[in-house]
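Have a look at this one:
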């Protein structure tokens, strides 16, 4: 009832990788933070060869999304946040970072970039593969708001492309979230 009476978009948070459980919360909130995808993207794009997973698991997740979510375009898509390890604590490989950011910005959902990612914040520099609270809450002002940081400029370009595609979107020429790609 909150959603119906408040008149504003609401985004819920259920921190588990269980897609059916998280998806069920779209019955009470407009959107939900897509934790199942968060966990998966961090496994796919990390540097650790022992636990990295193939990109093919993303297709399985897309199929799960279609089954359990009412509308994936209303989900918050993210690589890290204030409660989880910084994504950049798990990879400093620029190609993996770029691919993860492309997926974040162009997959179904609302992309959420945690402050500091654009400044290459990694969390605790002495801890790899798991620097969480309080290391993931570095003060942004220490970066000097560097607009020439490569991740900042890359995200700016992706955002420009996203805006351009939105302005010129035409169902005849672009594959939308409602179509399945093989």
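Residue numbers (our numbering): 2 to 183. Using N, Cα and C, we set each Cβ at its ideal position, and we do this for glycine too.
Looking at residue i: is its Cβ nearer than 8 Å to the Cβ of residue j?
i           : j           : result
residue 31  : residue 80  : no
residue 48  : residue 94  : yes
residue 113 : residue 59  : no
residue 89  : residue 123 : yes
residue 41  : residue 12  : no
residue 16  : residue 87  : no
Which residues in the same chain as residue i place their Cβ atom closer than 6 Å to its Cβ, once the five residues preceding and following it in sequence are excluded?
i           : result
residue 163 : 106
residue 187 : What is shown of the chain runs 2 to 183, which leaves residue 187 out entirely.
residue 180 : With a pLDDT of 48 at residue 180, under the threshold of 50, the modelled position of this residue cannot be trusted, and the question is left open.
Go through its chain and collect everything with a Cβ distance to residue i's Cβ below 8 Å, but skip five positions before and after it.
i           : result
residue 55  : 45
residue 160 : 106
If you draw a straight line from the C-alpha of residue i to the C-alpha of residue j, how long is it?
i           : j           : result
residue 82  : residue 115 : 5 Å
residue 19  : residue 97  : 25 Å
residue 125 : residue 85  : 13 Å
residue 136 : residue 153 : 20 Å
residue 70  : residue 39  : 15 Å
residue 156 : residue 119 : 7 Å
residue 146 : residue 14  : 29 Å
residue 52  : residue 141 : 30 Å
residue 138 : residue 43  : 18 Å
residue 36  : residue 62  : 11 Å
residue 134 : residue 66  : 29 Å
Span of the beta strand (DSSP E) holding residue i?
i           : result
residue 228 : Outside the modelled stretch of the chain, which goes from 2 to 183, sits residue 228, for which no answer is possible.
residue 112 : 111-113
Who are the Cβ neighbours of residue i in its own chain at under 7 Å, not counting the five residues just before and after it?
i          : result
residue 92 : 46, 47, 48, 98
What residue range does the alpha helix (DSSP H) around residue i cover?
i          : result
residue 71 : Unbroken run through residue 71: none, as it is neither H nor E.
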